[in-house]
Amino acid sequence: MNVAYDGIRDEVEGYLELARHFEPQDARYLFNHRAHFVFVKPEEEKFITAELIRRTTFTATEQELTQRVEALRSAGWNQIVIPIVPGEERALEDWARVKAAFQ
Amino acid sequence: MDFGIGIATSSDAWKTALRAEELGFTHAWFYDTQMITADCFVAMGAAAMKTKKIRLGTGVLVPSNRLAAVTANAFATLNGLAPGRIDFGVGTGFSARRAMGLGAMKLAEMEEYIRVVYALLRGEVVETEIEGKQRKIQFLNPDAGLFNTTDPIPLHISAYGPRSQKLTARLNAHWKCFIQDVPGALDTIAGMKQSWAEAGRPAGDLYATAWVCSCVRSPASRATASARSGNPARAPRPCSTAPPIPSSRAGRTR
Numbered sequence: 000m001n002v003a004y005d006g007i008r009d010e011v012e013g014y015l016e017l018a019r020h021f022e023p024q025d026a027r028y029l030f031n032h033r034a035h036f037v038f039v040k041p042e043e044e045k046f047i048t049a050e051l052i053r054r055t056t057f058t059a060t061e062q063e064l065t066q067r068v069e070a071l072r073s074a075g076w077n078q079i080v081i082p083i084v085p086g087e088e089r090a091l092e093d094w095a096r097v098k099a100a101f102q
Numbered sequence: 000m001d002f003g004i005g006i007a008t009s010s011d012a013w014k015t016a017l018r019a020e021e022l023g024f025t026h027a028w029f030y031d032t033q034m035i036t037a038d039c040f041v042a043m044g045a046a047a048m049k050t051k052k053i054r055l056g057t058g059v060l061v062p063s064n065r066l067a068a069v070t071a072n073a074f075a076t077l078n079g080l081a082p083g084r085i086d087f088g089v090g091t092g093f094s095a096r097r098a099m100g101l102g103a104m105k106l107a108e109m110e111e112y113i114r115v116v117y118a119l120l121r122g123e124v125v126e127t128e129i130e131g132k133q134r135k136i137q138f139l140n141p142d143a144g145l146f147n148t149t150d151p152i153p154l155h156i157s158a159y160g161p162r163s164q165k166l167t168a169r170l171n172a173h174w175k176c177f178i179q180d181v182p183g184a185l186d187t188i189a190g191m192k193q194s195w196a197e198a199g200r201p202a203g204d205l206y207a208t209a210w211v212c213s214c215v216r217s218p219a220s221r222a223t224a225s226a227r228s229g230n231p232a233r234a235p236r237p238c239s240t241a242p243p244i245p246s247s248r249a250g251r252t253r
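Top to bottom, those sequences are chains H and Z.
According to numbering that gives the first Met the number 0, the first sequence holds residues 0 to 102 in order.
According to numbering that gives the first Met the number 0, the second sequence holds residues 0 to 253 in order.
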């Protein structure tokens with residue numbers, strides 16, 4: 000999955016530069032994958048800009064998300080999966096409201 | 000349209016699965032990332048006991064983590080706890096293997112693993128390599144009521160590239176992948192549909208699942224959105240302040 004660089008080059012290149020200095024040098028993956036899909040490391044926060052969010056996530060109002068899900072359904076997608084981040088379980092209720100439009 | 004959730008597997012992940020079931024979600028997918036989250040089969044076992052309707056799947060299991068025989072046994076055991084509600088999600092491994100400094104496993108090895116798992120679930124004697132030697136293995140007591148190999152366990156393959164999508168089609172499996180935006184999702188499924196058709200599969204038989212990171216914003220947050228490109232979004236739910244992307248600027252993922 001490639002991310003179009005337009006508008007987020009600073010975020011992507013900045014993160015790559017940071018990652019080149021992860022420790023330990025012989026196992027940079029240890030720090031790289033700490034928090035992977037569980038929480039945001041403080042070192043990474045500055046890269047999570049509004050533009051990055053716009054380009055890489057479904058972040059929108061219920062009405063907008065309903066339209067996007069309908070576009071997916073019309074194209075042949077059968078299921079949408081929402082990863083739930085620990086501590087952010089209220090996203091279940093949020094997405095249940097979007098889901099209601101498809102029942 | 001089915002709605003599922005991905006769960007960062009924890010000992011008490013059943014609580015999230017149960018709440019999702021109460022809200023009408025159809026699937027709960029548990030990460031299989033042994034260095035990052037808790038064990039998926041233990042957590043799915045608890046969820047199987049606490050829920051009644053929601054489907055429970057690995058999202059996704061990485062074959063190199065355990066012997067195919069152990070995986071087949073785990074699925075059959077789960078299938079005994081939640082008959083007909085279990086899904087086998089599988090992939091060549093990103094986070095689970097990267098977190099140990101490894102790259103993705105070979106597609107052919109994943110295919111062989113899938114073959115062995117399903118042969119065992121069908122009750123067959125299957126020959127497979129264990130510790131460098133071909134050996135015949137079989138579930139020896141399938142009729143003793145110890146687990147459930149009767150109810151089907153659908154296969155869902157995480158597939159991003161043409162080769163893995165062709166494998167998905169050849170195995171007549173369900174298909175899943177991450178998306179980022181609608182234009183990219185449309186491109187992605189078009190590629191999968193092509194692989195599906197080339198394998199001679201009827202178009203209507205393809206079951207496609209899109210994973211997407213997301214945040215539902217309230218209308219109020221849209222009006223007061225302050226996050227601008229180039230500024231970090233520091234709110235507890237940072238995406239809640241991000242304005243929508245204009246469709247004409249939406250980046251493509253492929």
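Glycine included, every Cβ here is placed at the ideal spot set by N, Cα and C.
Just so we're clear, the structure is a prediction, and the values are computed from it rather than from any experiment.
For Z:Gln133, the enclosing beta strand (DSSP E) stretches over residues 132-136.
At a Cβ-Cβ threshold of 8 Å, Z:Cys212 and H:Pro85 do not count as neighbours. Counting the other Cβ atoms within 10 Å of the Cβ of Z:Thr149 gives fewer than 16, which makes it exposed. Judged by DSSP in its simplified three-state form, H:Trp76 adopts coil rather than helix or strand. Less than 8 Å separates the beta-carbon of Z:Leu205 from that of Z:Met191. Take the alpha-carbon of Z:Tyr112 and the one of Z:Arg18: they are about 33 Å apart.
Linking H:Ile79 to Z:Ala209 through their CA atoms gives a straight-line distance of about 5 Å.
Only Glu69, Ala70, Leu71, Arg72, Ala74, Gly75, Trp76, Asn77, Gln78, Ile79, Val80 from the segment 69-80 of chain H bring a Cβ to less than 9 Å from some Cβ of chain Z.
One finds Ala7, Ile35, Thr36 in chain Z with Cβ atoms closer than 8 Å to the Cβ of H:Val37, taken in chain order. Under the Cβ distance rule, Z:Thr57 does not count among the residues neighbouring chain H, no pair being separated by less than 8 Å. Among the residues of chain H, those whose CB is under 9 Å from the CB of Z:Leu22 are Leu91, Glu92, Trp94, Ala95, Lys98, following chain order. Using a Cβ-Cβ cut-off of 8 Å, Z:Gln133 does not count as an interface residue toward chain H, since no Cβ of chain H sits closer than that to its own.
Your pair Z:Leu77 and Z:Phe40 checks out as a contact, with CB atoms roughly 7 Å apart and the cut at 8 Å. Per DSSP, reduced to three states, the secondary structure at H:Arg96 is helical. Assignment of Z:Pro153 by DSSP, reduced to helix, strand and coil, places it in the coil class.
Burial of Z:Asn147 is indicated by the presence of at least 16 other C-beta atoms within 10 angstroms of its C-beta.
The beta carbon of Z:Gly58 lies closer than 7 Å to those of Gly5, Trp28, Phe29, Tyr30, Gly88 in the same chain, with the five residues before and after it left out.
In the assembly as shown, Z:Met109 is a buried residue. Its beta-carbon has 16 or more other beta-carbons within 10 Å. Membership of Z:Ile6 in the beta strand (DSSP E) is indicated by the continuous run 1-6. Here Z:Pro153 really is in contact with Z:His173; their C-beta atoms are around 6 Å apart, less than 8 Å. The criterion of a C-beta distance shorter than 8 Å is satisfied by Z:Cys214 and H:Thr56. Boundaries of the alpha helix (DSSP H) harbouring Z:Val116: 106-120, taken from the DSSP string. Burial check for H:Tyr4: the Cβ neighbour count within 10 Å stays below 16, so the residue is exposed. The beta carbon of H:Ala34 sits closer than 6 Å to the beta carbons of Lys40 from its chain, once the five residues preceding and following it are set aside; these are given in chain order. Straight-line spacing of the CA atoms in Z:Ser63 and H:Lys98 works out to 35 Å. Judged by beta-carbon spacing, H:Leu17 lies within the 8 Å limit of H:Glu42, meaning their Cβ atoms are closer than that value.
Pairing Z:Gln179 with H:Leu64, the inter-Cα distance amounts to about 13 Å.
Under the DSSP definition of a beta bridge, H:Arg19 lacks any partner. Cβ atoms of Z:Ala7 and H:Phe30 stay farther apart than 8 Å, at about 18 Å.
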